[in-house]
Amino acid sequence: MSLLNAAERFASIDRSQVLMDSARCLHSQDQYSECAACFSICPVEAISTGKPPSINTELCQSCLACIPACPVGAYRADDDVSILLNCATHIEDQPVELLCGLHPHPETGADSESIGIQIHGCLAGLGTGAYLTLSALGLERLIVRADACSACEWHSLHREIHSQTERASRFLAAWDKVDPIICLDELEAPVERMAWKATNPPLSRRDLFRMMAKQGQVALARAMENGVTASKRQPGRDRLRLLSAVSHLPSAQAAVLGGGDAASSGYLEGFNFATLTISDSCTACGACGRVCPTKALCFEKNEDKMTFSISFSAQNCIGCDLCEHVCLPDAITLDHAPTFGKVFSVKESVVVESGSMVRCERCKTLMAARDGMKLCQLCEYRRMHPFGSMMPKKIQKEPRT
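Numbering (my numbering), first residue to last: 160 to 560.
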């Protein structure tokens, strides 16, 4: 595809209707899920609470904030990130100001040397991963213009815009980037500067030759977006962009990965990352691997060798607690405030539990081999309580209202 064709394709993308795949929603998989990401963020109350929530397409105004907010990608629509990445490949070393599609004065800015880029929707529809991706593409300074939020009907998203930029800045601290992203609430002395529409960046002959010299950056932008297509059992779009950006950034500081001051407990708190440990009480039932919505947990067994293993990817874990809810022997413990090093020092999944297996003497089900255990946990319970029923402790309590 030529650069001109690529530019035309990106420019032709219009914001589509927001659709919801209720089967992917955490509330469809876990009736005790506390996730409120989508209906708590919607500025027009188009998303109703429920198990799962529902979206009223007539009320929805396509601000797109629900898309990066959903941890499992239950919402989908064409967002502004692809066209924004295309714009980034046109930029040399200038600071960039990002403006929403409803900003009344996109032609003025905080710096005469900067380039203003106006996207189609709300800035809250970009997500933390989009800011990290722009940084991975080489943008050194990004000014997020939130100065028009107070007069906007989506003004409640102002907090989310601040949260996204703050999380991105915290994350980029691992690469010694100081104030790479600034969220600007007030423009004290507006100045005229260049302004682009994200859907139609200028493409002069000089720009064309310059972009030909930056084919690596263009290919990188495409590669990072190609990894965020929707598929079953994966994290949401924002997490996928974050992970893609990290994979294209240089190695983070050794102090952070090694557990220095920057990697103190809670460094990734608020990012929905979690780390996991499994105790010896694990029975190798495999329930945790079956219910994990992002394949962060994978259970494998080898019936020929009578062995099992459970592998875990902290980078794919969204901290939904579903595995902990279904674990019958309460063998799983989650840490919702892991350090940067615990999550990103290992790129591949790691084995968190393994062992040999035996068959239950009563039902012949494979189970983890434990000293003195001849019956699986369910058969042992039925032997002791012939007329009782057994459920994980966390499932026995009344549903939350």
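Note that CB positions come from ideal geometry on N, CA and C, so glycine has one too. Every value quoted in this text rests on a predicted model; they were computed, and no experiment measured them.
Residue i in three-state terms, based on DSSP
{"i": "L178", "result": "strand"}
{"i": "T453", "result": "coil"}
{"i": "C444", "result": "coil"}
{"i": "D239", "result": "coil"}
{"i": "C246", "result": "helix"}
{"i": "F546", "result": "coil"}
{"i": "L534", "result": "coil"}
{"i": "S626", "result": "Outside the shown range of the chain (160 to 560) lies residue 626, about which nothing can therefore be said."}
{"i": "Y426", "result": "coil"}
{"i": "Y191", "result": "coil"}
{"i": "A233", "result": "coil"}
{"i": "A228", "result": "helix"}
{"i": "L298", "result": "coil"}
{"i": "A527", "result": "strand"}
{"i": "E319", "result": "helix"}
{"i": "E251", "result": "coil"}
{"i": "K336", "result": "coil"}
{"i": "L223", "result": "coil"}
{"i": "D397", "result": "helix"}
Contacting residues, own chain, Cβ-Cβ under 7 Å from residue i (five flanking each side not counted)
{"i": "A455", "result": "F471, S472, N475 and C476"}
{"i": "P452", "result": "L185, Q188, V231, R392, C479 and L481"}
{"i": "Q563", "result": "Outside the displayed range of the chain (160 to 560) lies residue 563, so it cannot be described from this structure."}
{"i": "R326", "result": "T287, G429 and F430"}
{"i": "P265", "result": "L258, G275, Q277 and A354"}
{"i": "Q536", "result": "T442, L487 and P488"}
{"i": "S410", "result": "none"}
Test item: CB-CB of residue i and residue j under 7 Å
{"i": "W334", "j": "I276", "result": "no"}
{"i": "A289", "j": "R398", "result": "no"}
{"i": "A357", "j": "I320", "result": "no"}
{"i": "Y234", "j": "H484", "result": "no"}
{"i": "S468", "j": "V510", "result": "yes"}
{"i": "A205", "j": "I214", "result": "yes"}
{"i": "L261", "j": "C342", "result": "no"}
{"i": "K506", "j": "T434", "result": "no"}
{"i": "I278", "j": "D239", "result": "yes"}
{"i": "P394", "j": "T442", "result": "no"}
{"i": "A404", "j": "T248", "result": "no"}
{"i": "I340", "j": "L301", "result": "yes"}
{"i": "G445", "j": "C457", "result": "no"}
Close Cβ partners of residue i (< 8 Å) along its chain, the five nearest in sequence each way excluded
{"i": "L346", "result": "T267, G268, A269, R304 and D306"}
{"i": "Q176", "result": "T216, C219, S221 and A236"}
{"i": "V350", "result": "T267, G268, A269, D270 and S271"}
Cβ neighbours of residue i in the same chain (closer than 6 Å, five flanking residues each side left out)
{"i": "N431", "result": "P230, I477 and G478"}
{"i": "S181", "result": "S187 and P211"}
{"i": "C308", "result": "H314 and H317"}
{"i": "C194", "result": "L185"}
{"i": "Y426", "result": "T498 and F499"}
{"i": "E459", "result": "S468"}
Per DSSP, cross-strand counterpart(s) of residue i
{"i": "V350", "result": "G268"}
{"i": "I477", "result": "Answer by DSSP bridge pairing: none, since I477 is not bridged."}
{"i": "D494", "result": "T434"}
{"i": "T466", "result": "N461 and S515"}
{"i": "Q277", "result": "L258 and K356"}
{"i": "V510", "result": "S470"}
{"i": "V303", "result": "L257 and C342"}
{"i": "I214", "result": "I206"}
{"i": "A289", "result": "For A289, which the question treats as bridged, DSSP gives no partner whatsoever."}
Alpha-carbon to alpha-carbon, residue j and residue i
{"i": "R521", "j": "L534", "result": "7 Å"}
{"i": "S187", "j": "V450", "result": "11 Å"}
{"i": "N461", "j": "R183", "result": "29 Å"}
{"i": "C259", "j": "T436", "result": "42 Å"}
{"i": "N359", "j": "S504", "result": "39 Å"}
{"i": "T287", "j": "D494", "result": "22 Å"}
{"i": "L298", "j": "V255", "result": "8 Å"}
{"i": "E539", "j": "Q323", "result": "49 Å"}
{"i": "C246", "j": "C486", "result": "47 Å"}
{"i": "R396", "j": "M465", "result": "38 Å"}
{"i": "F198", "j": "T208", "result": "6 Å"}
{"i": "S515", "j": "A295", "result": "44 Å"}
{"i": "R352", "j": "C281", "result": "21 Å"}
{"i": "A490", "j": "G531", "result": "18 Å"}
{"i": "V337", "j": "F330", "result": "11 Å"}
{"i": "C225", "j": "L257", "result": "19 Å"}
{"i": "T492", "j": "K523", "result": "28 Å"}
{"i": "S513", "j": "D463", "result": "15 Å"}
{"i": "A496", "j": "C519", "result": "38 Å"}
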